[in-house]
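In the UniProt record's numbering, the protein residues as written are 1 to 479. Even glycine gets a Cβ: it sits at the ideal position worked out from N, Cα and C.
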Amino acid sequence: MNHTHKQMTTTAGNPIADNQNSMTAGARGPVLMQDYQLLEKLAHQNRERIPERVVHAKGSGAFGKLTITHDITQYSKAAVFSEIGKATDCLLRFSTVAGERGAADAERDVRGWALKFYTDEGNWDMVGNNTPVFFVRDPLKFPDFIHTQKRHPKTNMRSATAMWDFWSLSPESLHQVTILMSDRGLPKSYRHTNGYGSHTYSFINAKNERFWVKFHFKTRQGIQTMTNEEAAKLIGEDRESSQKDLYEAIEAGDFPQWDFKIQVMPEADAEHYSINPFDLTKVWPHADYPLIDVGTLELNRNPENYFQEIEQAAFSPSNIVPGISFSPDKMLQARIFSYADAHRYRVGTWYESLPVNRPKSPVNTYHMDGSMNAATPSSSDAYYEPNSMGGATEDARFAEPPLKISGDADRYNHREGNDDYSQAGDLFRLMSEDQQQQLFNNIAAAMQGVPQHIVERQLAHFDQADPAYGDGVRAALQA
Ligand code: NDP
Ligand code: HEM
């Protein structure tokens, strides 16, 4: 045996003498129960899969850093923004939404943009998309929407009828549907997408003043997209095109970068701004709230182990840090519950103590015991709170300013008096003629086989956004 030899062992560290031949009763005989090596190997294999994410199952990720280039301390006291030049480690996982873990990358779909910043004050997760808006504005509709994107229970195939039926009955989806069906609905790779926090979040500064904020990450690689035909050809040759593009760029030292910008609204503006700033189907027009420079995001390190660092990564909008917080957006409120709940099921109760999820700052909770717990500090008398044993305590400095909320508890019709058409129309009107034609063609292709009464209902929405939008789709459907 030479000195570099590493002894193969069981999980208990017991040396293995033979990893080629099972232990049998005679050369041709059956295997023995006592071949624990074989039993352990088979048992472990049976447990190699964890549930895939219920949405955004197919993804790719890489590590990097956020570097602050501009002073925004007047808006937020978050440590991550504390000084120009400040660099914070991060993980970014991109994804598609509808496909399963083995789905092809080059599909027409929204791209997920999930960021975890390992800040000095705990993890800040910004779980966004490559689009600034979303399909629904009430979380009660999220599972219904997702069902239309996944497989039909009987055919086990995806259903264009379900998608357009739901969208045509949910006019709040029109803005996002327009983005999805535009050239940007089929990005060439993850590197060539922008990222958006989409929701309105809040900033709190050192004077405890609150601002509403939207997050934007603008690609320095440029927006690059594909036509349906280009994507079909690509998928025929390579189902992992985005994974390959990201991995190889980083391996080659061609580190992708994004400019991090924000839009900021003083707290009081929300009450009189013409648009409900907490409506996830709307943007804040740049003319009203211009982009403010903050920093640069760079990805520069591929994971060493995809499963451990990307599949087990757990991002949640509930992870906020002092100076960055929530808003009344109903969708965001639901997401505060949904993600950590998903992680406890998908990864396990102590998912946040896995290396990829573990904050780089101290963690002091009083949670105890539980399956696979390697996190609880042991041998301390301070295992309850309050205690007089020197255990961790709260600090009122981190309290947020009170948020004024008023109104009667009820189920308010969010479709009443809400303009679902102007911003979809604005987007349509800023497209070049070529982009508009792509939009018409993409919609016509996506509507193949959909019953006529559903098509007509959706055409009426396009008409309301812009008559030329509806006419263009009609012409493409007849072509
Ligand atoms: P601006 O002219 O100031 O900005 C237009 C924005 O549209 C830019 O951010 C541009 O992104 C983006 N854009 C261009 N083509 C597409 C597309 N096919 N899909 C998605 N985004 C696209 O206009 P306004 O701020 O007044 O907004 C007008 C419309 O632009 C909105 O209704 C919205 O649909 C869209 N938009 C607005 C954003 C915002 O935060 N205000 C953000 C993204 C889109 P880029 O600079 O990367 O080319
Ligand atoms: C993933 C729920 C809306 C972006 C997920 C997951 C759940 C979920 C349960 C899987 C989490 C996991 O297993 O790790 C919801 C609910 C929503 C909602 C209930 C609305 C009420 C949104 C919106 C965005 C978004 C509006 C973007 C702005 C993402 C992304 C992922 C994801 C990027 C993948 C995260 C990763 O890479 O691990 N969502 N979602 N979701 N969601 Fe949402």
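Is it right to say residue i is buried, meaning 16 or more other beta carbons lie within 10 angstroms of its own, or is it exposed?
| i | result |
| --- | --- |
| Glu298 | buried |
| Lys233 | exposed |
| residue 487 | For the chain, the structure presents residues 1 to 479; residue 487 sits outside this window and is missing. |
| Val31 | exposed |
| Val54 | exposed |
| Pro290 | exposed |
| Met33 | exposed |
| Thr281 | buried |
| Leu430 | exposed |
| Thr119 | buried |
| His5 | exposed |
| Arg335 | buried |
| Gln448 | exposed |
| residue 480 | Residue 480 is absent from the model: the chain starts at 1 and stops at 479. |
| Asp369 | exposed |
| Arg411 | exposed |
| Phe440 | buried |
| Ser406 | exposed |
| Pro143 | exposed |
| Phe315 | buried |
| Thr148 | buried |
| Gln45 | exposed |
How big is the Cα-Cα spacing for residue i and residue j?
| i | j | result |
| --- | --- | --- |
| Ala479 | Phe326 | 47 Å |
| Arg93 | Gly102 | 16 Å |
| Leu354 | Asp165 | 42 Å |
| Arg28 | Asn19 | 18 Å |
| Ile235 | Ser242 | 11 Å |
| residue 525 | Arg47 | Outside the displayed range of the chain (1 to 479) lies residue 525, so it cannot be described from this structure. |
| Tyr366 | Thr161 | 50 Å |
| Asn305 | Phe63 | 12 Å |
| Asp471 | Ser173 | 19 Å |
| Arg415 | Met163 | 19 Å |
| Ser22 | Pro15 | 15 Å |
| residue 481 | Val177 | Here the chain comprises residues numbered 1 to 479, so residue 481 is not present and cannot be evaluated. |
| Lys207 | Ile179 | 39 Å |
| Val133 | Arg344 | 28 Å |
| Ile320 | Ala43 | 39 Å |
| Glu433 | Lys86 | 43 Å |
| Gly26 | Gly13 | 28 Å |
| Asn387 | Glu394 | 12 Å |
| Glu237 | Ala106 | 11 Å |
| Tyr36 | Ile50 | 24 Å |
| Gln308 | Asp466 | 48 Å |
| Ile223 | Phe145 | 27 Å |
| Asn228 | Ile84 | 43 Å |
| Ala374 | Thr88 | 26 Å |
| Val363 | Ala445 | 51 Å |
| Pro277 | Val294 | 21 Å |
| Cys90 | Ile262 | 18 Å |
| Gly61 | Ile250 | 11 Å |
| Pro451 | Pro303 | 46 Å |
| Tyr75 | Ala270 | 16 Å |
Check the C-beta distance from residue i over to residue j and give it rounded, since I have them as a contact under 8 Å.
| i | j | result |
| --- | --- | --- |
| Asn357 | Ala313 | 7 Å |
| Pro322 | Phe398 | 5 Å |
| Asn129 | Gly112 | 6 Å |
| Glu40 | Thr11 | 6 Å |
| Met401 | Ile204 | Residue identity check: residue 401 is Pro in the sequence provided, not Met. Going by Cβ atoms, the distance from Pro401 to Ile204 rounds to 7 Å, so yes, they are a contact pair. |
| Met126 | Phe211 | 16 Å between Cβ atoms; not a contact. |
| Asn194 | Thr219 | 5 Å |
| Phe255 | Asn300 | 4 Å |
| Gln438 | Ser182 | 7 Å |
| Phe81 | Thr73 | 6 Å |
| Gly59 | Ile310 | 7 Å |
Just to confirm, does residue i get its C-beta within under 7 Å of one of the non-hydrogen atoms of ligand 3?
| i | result |
| --- | --- |
| Ala340 | What this structure holds is ligand 1 and ligand 2, not ligand 3. |
What beta strand (DSSP E) runs, 3 residues minimum, are completely inside the stretch 243 to 328?
The qualifying runs are 257 to 266, 292 to 301.
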